[in-house]
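As they're listed, the protein sequences go chains A and B. Under my numbering, the first residue of the first sequence is numbered 1, with each subsequent residue one higher. Under my numbering, the first residue of the second sequence is numbered 112, with each subsequent residue one higher.
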Amino acid sequence: GQQLNQSPQSMFIQEGEDVSMNCTSSSIFNTWLWYKQDPGEGPVLLIALYKAGELTSNGRLTAQFGITRKDSFLNISASIPSDVGIYFCAGRETSGSRLTFGEGTQLTVNP
Amino acid sequence: GAVVSQHPSRVICKSGTSVKIECRSLDFQATTMFWYRQFPKQSLMLMATSNEGSKATYEQGVEKDKFLINHASLTLSTLTVTSAHPEDSSFYICSAGLGSYNEQFFGPGTRLTVL
Numbered sequence: 001g002q003q004l005n006q007s008p009q010s011m012f013i014q015e016g017e018d019v020s021m022n023c024t025s026s027s028i029f030n031t032w033l034w035y036k037q038d039p040g041e042g043p044v045l046l047i048a049l050y051k052a053g054e055l056t057s058n059g060r061l062t063a064q065f066g067i068t069r070k071d072s073f074l075n076i077s078a079s080i081p082s083d084v085g086i087y088f089c090a091g092r093e094t095s096g097s098r099l100t101f102g103e104g105t106q107l108t109v110n111p
Numbered sequence: 112g113a114v115v116s117q118h119p120s121r122v123i124c125k126s127g128t129s130v131k132i133e134c135r136s137l138d139f140q141a142t143t144m145f146w147y148r149q150f151p152k153q154s155l156m157l158m159a160t161s162n163e164g165s166k167a168t169y170e171q172g173v174e175k176d177k178f179l180i181n182h183a184s185l186t187l188s189t190l191t192v193t194s195a196h197p198e199d200s201s202f203y204i205c206s207a208g209l210g211s212y213n214e215q216f217f218g219p220g221t222r223l224t225v226l
């Protein structure tokens, strides 16, 4: 089955810094999603991408759907303490509605 | 909009008992709901896809007789862990599909501890 490689596994940054994380897949996806999960909670959808090359922003978050359709990145600008959490990418192949999740990026923001 | 609830949020049970977890879409109707489990410091693992009015589709390696799924209405799906054992202890999360792309909105999760 398809595999998603998400990196980095963890990041420790200072408040105010920008952050970038990415995912690559072994197969072509027609949808890329980015979620954030706080401890003990379910994931919350941040950004959804549906077209190769698409660049979408949600406040300080920006995500892009790679033109090869096998990768996506998420940027967070001017990080704040409440950005702490685990960020997951997820992708969907052309057929079916099943999502494949990356392994997550644990973000820690030091005040 | 797109609010999904789960009940209970936390449950502790004895080995051998059965536990039912409810997943509800509060402000939308969901033809498809999904059940995941998540172990500490790991990603989400899809267990099954639940379609309203039909049998659930289980992922490889997930025992359908142990994890019973019922999707009786467009706003409610239930997962019953039968004859629970300590290795079933995990964080169970449901999601509901919404919109033309059937994007998944997640519930807050249920922490199951089997003693």
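C-beta atoms are modelled at their ideal positions from N, C-alpha and C, and glycine is treated no differently.
query: Give me the Cβ distance between C124 of chain B and V225 of chain B, rounded to the nearest whole Å; I'm assuming they're in contact under 8 Å.; result: 6 Å
query: The beta strand (DSSP E) with F145 of chain B in it runs from where to where?; result: 143-149
query: For Q14 of chain A, I'd like the list of residues in its chain whose CB is within less than 6 Å of its CB, leaving aside the five on either flank, ordered along the chain.; result: N110
query: Judging by CA-CA distance, which residue of B:F178, B:H196, B:S194 is the nearest neighbour of S188 of chain B?; result: B:F178
query: Taking the alpha carbon of T105 of chain A as the point to measure from, which residue in A:K70, A:E93, A:I86, A:I47 has its own alpha carbon closest?; result: A:I86
query: Output the distance between the C-alpha atoms of S77 of chain A and V19 of chain A, rounded to the nearest integer angstrom.; result: 6 Å
query: Are the C-beta atoms of P8 of chain A and some chain B residue less than 8 Å apart?; result: no
query: Could you name the residues of the same chain whose beta carbon sits closer than 7 Å to that of P81 of chain A, not counting the 5 residues immediately before and after it, in chain order?; result: E15, V109, P111
query: Give me the chain B residues within the contact set of Y50 of chain A, using Cβ-Cβ distance strictly less than 8 Å, ordered along the chain.; result: Y212
query: What do you reckon, are the CB atoms on F88 of chain A and S154 of chain B nearer than 8 Å?; result: yes
query: If we count the other Cβ atoms within 10 Å of its Cβ and call it buried at 16 or more, is A167 of chain B buried or exposed?; result: buried
query: Check whether the Cβ atoms of N75 of chain A and T62 of chain A lie closer than 8 Å to each other.; result: yes
query: State buried or exposed for S211 of chain B, treating a residue as buried only when at least 16 other CB atoms are found within 10 Å of its CB.; result: exposed
query: In the DSSP output, what is V115 of chain B paired with across the bridge?; result: B:S136
query: In three-state terms, what does DSSP make of E163 of chain B?; result: coil
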